[in-house]
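**Student:** Starting off with a structure, shown below.
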Amino acid sequence: MFKQLISVLFISAIIFSTSFAATATLTQQAERGDRFAAYQLATEYDNQTTDTENSQKLAVKWYEKSAEAGFETAQMKLAFKYALGHGTEKNMQKAYTWFAVAAAGSNETAIAYREKAKLELNEKQLTEADSLAKVWIDKFATKK
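When we follow the working numbering, the leftmost residue of the sequence shown carries the number 2, and every step to the right adds one.
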């Protein structure tokens, strides 16, 4: 029994150190602007089951980095974070903005959720959100 316990602890330590090293590597890549690494890091934080409040905040941070670098899937995830208030304050104007940016790529899901978010905005909020979405969309168009 003691040998089994030692084996389990040893294997757990290896898995933890491997996971920690992988997260450190992803963080370095994400900080250098790798949008895919930022997305993967965000997803890891999003899926954590411990320290969920802090993990969710970190997920938002990295989804935002990835979204701002033009990764459509991250734009959708970030929009949902704002729409639901997970890891950030609920903000339908920001949710609409990121759904609109993702929708510019003809993403049917983004188009549908953009329209749902639109119903919760007043005219001023909608105008501001559309203007910001256009800035992002234009930025991504110039990178192509």
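Backbone N, C-alpha and C define an ideal beta-carbon position, used for all residues, glycine too.
So, do the region 61-76 and the region 38-50 have three or more beta carbon pairs nearer to each other than 8 Å?
**Tutor:** With the cut-off at 8 Å, the region 61-76 and the region 38-50 touch.
**Student:** Quick one: measure Cβ to Cβ for residue 1 and residue 73, integer angstroms, because I've assumed they're closer than 8 Å.
**Tutor:** Outside the shown range of the chain, which is 2 to 145, sits residue 1, and nothing can be said about it.
**Student:** Taking the straight line between their C-alpha atoms, what separation do you get for residue 56 and residue 34?
**Tutor:** Answer to the nearest angstrom: the Cα atoms are 20 Å apart.
**Student:** Suppose the cutoff is 7 Å on Cβ atoms and the five residues either side in sequence are ignored; what does the same chain contact list for residue 137 look like?
**Tutor:** If we look at residue 137 and ignore the five residues flanking it on each side, its Cβ neighbours are 102.
**Student:** Where does residue 139 fall in DSSP's three states?
**Tutor:** DSSP places residue 139 in helix when its eight states are reduced to three.
**Student:** Of all the alpha helix (DSSP H) runs that stay within the bounds of the region 62-134, which reach a length of 4 or more residues?
**Tutor:** You should have 73-85, 93-104, 109-119.
**Student:** May I ask you to report which of helix, strand or coil DSSP gives residue 50?
**Tutor:** Coil, per DSSP.
**Student:** Rounded C-beta distance between residue 149 and residue 89? I'm assuming under 8 Å.
**Tutor:** As shown, the chain starts at 2 and ends at 145. That puts residue 149 outside it, with no answer to give.
**Student:** If the criterion is Cβ atoms closer than 9 Å, does the pair residue 141 and residue 111 meet it?
**Tutor:** Not closer than 9 Å, so no.
**Student:** What residues in its chain sit with their C-beta under 7 Å from that of residue 133, if we drop five residues either side in the sequence?
**Tutor:** Hits under 7 Å: 98.
**Student:** Would you call residue 143 buried or exposed, if buried means 16 or more other Cβ atoms sit within 10 Å of its Cβ?
**Tutor:** So residue 143 ends up on the exposed side.
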